[in-house]
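Chemist: Chains as they are written, first to last, in our numbering: chain A, 810 to 1060; chain B, 810 to 1060.
In this text, a Cβ means the ideal position worked out from N, Cα and C, and glycines have one as well.
For reference, the structure I am asking about is given below.
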DNA sequence: CGATCAATTGATAGAGGTCAAGACGCGTGG
DNA sequence: CCACGCGTCTTGACCTCTATCAATTGATCG
C-alpha cells in the first residue's frame, strides 16, 4: 500500500547481494535514481502477471515472493521463491513478457526498476553490468540445480538446505528457519504431492536431521542434511568421465 | 583439430540466432575480432571441464555439445544439449568457474570468446548487450521449463518437441529429426532410466504420434505430441488464481 | 567376424501419487 | 468466551508409474 519515500540502495541491508554489489558510492546514487518506488505488499498481492508485457525488473527488499506458472492445462507450478536481494523478472527479458505470475508470500517490500534504464546505466557503470550479468548467470545456476535431485527426499532436503543457506547469507540463523509458504507450495515447487512433504519431514525428524514445529524448522544435523540432498563431500573421482579425451582446443 | 581461418559472424548461418542478432554490419566486424578461433571436434572431445576457471564463452557453430554435471556422489547428470547458435558457459559467470563438463556429441565446430572482451564490447554496442542479456534470460527460461513436466511421458514428449522446434528454427525439418545422443544421455538429461525411454518411444510409435527408426524420429502427429507434453491449447481460465488480489503496485 | 557398446524387452519391486478421512490452527461472529 | 467454519496439515490405505535387474538383440568398428 503505502509508498516509502526512502528507497536508498546505499542504506539497504541487501546491497551486498543485490544489484549494487561491487558498485562504488557515487555510482550507487545513479542506480538509486532508477529505483522508482518501494511498496509494502501482503500475502496474495500480485506483483506481475504471466503474459504481461515485460518492462520492469523487481528486487525483493524484504519478505518473500513466489513465481507461479500456469500451464495451458491450467495446472500451477511454482517456479521459485524470491528472498531479499533477489531479482524478479529476469526470465522475461528474452520473451519480452513475464513468464510467471509473481505473488507476495508474506508481508513484503519490493523495489522496481525500468529494464531499459537499468541496461542503459549498466553501459555507463561496468561494475553494475558485471553484477547484473552475475545475477542472470545465478538464475541459470539455480534453475539447473534441479537436474541433480532425483528422489523426493533429495529434492526436499536440497530445498531446505538451499533455503537455510540463503537465509544465512542474509544474516539470519543458519540452523533455524521458517517455511513461510504452505506445504502445498513447497510440493508444487518440487514437483511432488503435499502429502509426501509431510511424510518426509516426519521421517527427517525421526532421523534427528530436522526438528519441526509446524512451519518452524531447526536443522539438527547439517552434514546429514547435505548428504541426503545428494551433495555429500565424497571425493570426486570423475571415474565415469575416464573415456573423455581432452580436445586439442584446450590441450 | 584443424583451426579454421575463416570465422566470420557475418557469413555464419546462425547469426540470426546467436550473439550477432540485431547487431549491425560494422559492429559485427568488431565482434568477429573477438572470436578467437574455430575448432573441429569429434564425439567425446572435451571443450571445458567442471571446476575450471571461467574465462571464455563458447558458441556452437555446428553439431551438438552436451553439458555434464558430476555431483559429489559421482553421478553424472546431463544439464543440457547445445545446438548451433547457442552459447555455452553462461552459468559459469556467477561462480567464476564452469559448472559442468562440456563435450562434443557429434563432429562439431565451436566459436570461442573471451568473456571480458565480450562484456567490454557490449558496453560499446547496445544491440550486442541486449542480445547477450536475451540469451542469458533464455537460459533461465530453458532451465525453468523442467518445472512443468511431471511424468516421464511429459518429459520425453516435451524434449522431442523442444528439440524439433529448435532444429526447425535452424532451418531443418520440423517433423524429422535425428537423436544424435544416446538413449542413456536422454535419460540422464530427463532424470529417468534409459529403459523407460525405450518403452515410451515404443508407446508413442504405437500411438501413431512418432515414427522411430533407431535414432531417426519422425513426428507424425505434432498436436498430439504437444498435448502429451502438457502444453495443449486449452483455454487458460486461471481459475486457481481467483483468490489473488492485484496489488496496488500495478493497479 | 568377434568384441564392444547401444537399445530393447521382460519380470519385479519400491517410491511416491492419489483418494479419503481426520486433526489442527485460526479468525469470525454469536 | 466458546462454537463454528475454513484452510492447512497429517495420517492411512491403495495402486500406478517407473526404476532396477537381467537377458537378448542389434549396431558399430577395428
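Taking only beta-carbon atoms, is residue 1005 of chain B less than 9 Å away from chain A?
Modeler: In terms of beta-carbon proximity, residue 1005 of chain B stays away from the interface with chain A, with every pair separated by 9 Å or more.
Chemist: Which runs of the beta strand (DSSP E) at least 3 residues long sit entirely within the region 862-932 of chain A? Give them in chain order.
Modeler: With a minimum length of 3 residues, the continuous beta strand (DSSP E) runs that stay inside the region 862-932 of chain A are 865-871, 874-879, 885-891, 910-913, 917-923.
Chemist: How many Å lie between residue 1011 of chain A and residue 1033 of chain A at the Cα?
Modeler: 15 Å
Chemist: Taking the alpha-carbon positions, what's the residue 943 of chain A to residue 865 of chain B distance?
Modeler: Across the structure, residue 943 of chain A and residue 865 of chain B are spaced so that their CA atoms are roughly 15 Å apart.
Chemist: By the 9 Å beta-carbon criterion, what residues does the region 816-850 of chain A contribute toward chain B?
Modeler: Residues 846, 848, 850.
Chemist: For a cutoff of 9 Å on Cβ pairs, would you count residue 882 of chain B as touching chain A?
Modeler: The Cβ of residue 882 of chain B sits closer than 9 Å to at least one Cβ of chain A.
Chemist: Enumerate, from N- to C-terminal direction, the unbroken alpha helix (DSSP H) stretches of 4 or more residues contained entirely within the region 978-1008 of chain A.
Modeler: 992-999, all fully within the region 978-1008 of chain A.
Chemist: CB-CB under 7 Å to residue 1049 of chain B, same chain, minus the five flanking residues each way: which ones, in chain order?
Modeler: At residue 1049 of chain B the pLDDT is 39, less than 50, meaning the model places this residue with poor confidence and gives no usable figure here.
Chemist: How is residue 1031 of chain B classed by DSSP in three states: helix, strand or coil?
Modeler: helix
Chemist: Reducing DSSP to helix, strand and coil, say where residue 936 of chain A ends up.
Modeler: helix
Chemist: Between the region 929-950 of chain A and chain B, which residues of the former have CB atoms less than 9 Å from a CB of the latter, in chain order?
Modeler: 929, 931, 932, 933, 935, 938, 939, 941, 942, 943, 944, 945, 946, 947, 948, 949, 950
Chemist: Can you list, in chain order, the residues of its chain whose CB lies under 8 Å from that of residue 940 of chain A, leaving out five sequence neighbours each side?
Modeler: 828, 829, 830, 831, 832
Chemist: Does residue 1022 of chain A pass the burial test, meaning 16 or more other C-beta atoms within 10 Å, or should it be called exposed?
Modeler: exposed
Chemist: Going by the CB atoms, is the gap between residue 921 of chain B and residue 976 of chain B shorter than 9 Å?
Modeler: no
Chemist: On the premise that residue 948 of chain B lies in contact with residue 897 of chain A, defined as a C-beta separation below 8 Å, what is that separation, rounded to the nearest angstrom?
Modeler: So it is not a contact: roughly 17 Å between Cβ atoms.
Chemist: With distances taken between CB atoms, is the gap from residue 999 of chain B to residue 1025 of chain B smaller than 9 Å?
Modeler: no
Chemist: Less than 9 Å between the C-beta atoms of residue 957 of chain B and residue 953 of chain A, yes or no?
Modeler: Contact flag unset, no.
Chemist: Could you work out which residues of chain B lie near residue 952 of chain A, taking near to mean beta carbons separated by less than 7 Å?
Modeler: 949, 952, 953, listed in chain order.
Chemist: Give the DSSP bridge partners of residue 1019 of chain A, in chain order.
Modeler: A:1028
Chemist: Apart from the five residues on each side of it in sequence, which residues of its chain come closer than 8 Å, Cβ to Cβ, to residue 853 of chain A?
Modeler: 912, 913
Chemist: How would you label residue 925 of chain A, buried or exposed, when you count the other beta carbons within 10 angstroms and need 16 or more for buried?
Modeler: exposed
Chemist: Does any residue of chain A bring its CB to less than 9 Å from the CB of residue 994 of chain B?
Modeler: no
Chemist: What's the gap between the Cα of residue 902 of chain A and the Cα of residue 930 of chain A?
Modeler: 16 Å
Chemist: For the region 956-968 of chain B, which residues have a CB atom closer than 9 Å to at least one CB atom of chain A, in sequence order?
Modeler: 956, 957, 958, 959
Chemist: Is it buried or exposed, residue 906 of chain A, if we count other Cβ atoms within 10 angstroms and call 16 or more buried?
Modeler: exposed
Chemist: Of the choices A:995, A:1006, A:983, whose alpha-carbon is the least far from that of residue 1029 of chain A?
Modeler: Ranking A:995, A:1006, A:983 by CA distance to the CA of residue 1029 of chain A puts A:983 first.
Chemist: Would you kindly report the start and end of the unbroken alpha helix (DSSP H) that includes residue 840 of chain B?
Modeler: Counting along the chain, the alpha helix (DSSP H) containing residue 840 of chain B begins and ends at 834-843.
Chemist: 9 Å is my cut-off, CB to CB: does residue 1051 of chain A come that close to chain B?
Modeler: Unreliable positioning characterises residue 1051 of chain A in this predicted model, as indicated by a pLDDT of 39, which lies under 50. A coordinate reading is not provided.
Chemist: Among residues of its own chain, excluding the 5 on either side of residue 962 of chain B, which ones have a beta-carbon nearer than 7 Å to its beta-carbon?
Modeler: Apart from the 5 residues on each side of it in sequence, residue 962 of chain B sits with its Cβ closer than 7 Å to the Cβ of 1009, 1037 in its chain, given in chain order.
Chemist: Let me know if residue 980 of chain B comes out buried or exposed under the rule of 16 or more other beta-carbons within 10 Å of its beta-carbon.
Modeler: exposed
Chemist: To which residues does DSSP link residue 849 of chain B through a beta bridge?
Modeler: B:918
Chemist: Residues of chain A with a CB under 7 Å from the CB of residue 980 of chain B: which are they?
Modeler: Going along chain A, no residue has its Cβ under 7 Å from residue 980 of chain B, so there is no contact; the nearest lies around 21 Å.
Chemist: So, is the C-beta of residue 1010 of chain A closer than 9 Å to a C-beta in chain B?
Modeler: no
Chemist: Strictly under 9 Å for the Cβ-Cβ distance: is residue 973 of chain B near chain A by that measure?
Modeler: It does not; no Cβ of chain A falls within 9 Å.
Chemist: Going by alpha carbons, who is nearest to residue 859 of chain A out of A:994, A:886, A:1003?
Modeler: The shortest CA-to-CA distance from residue 859 of chain A to any of A:994, A:886, A:1003 is the one to A:886.
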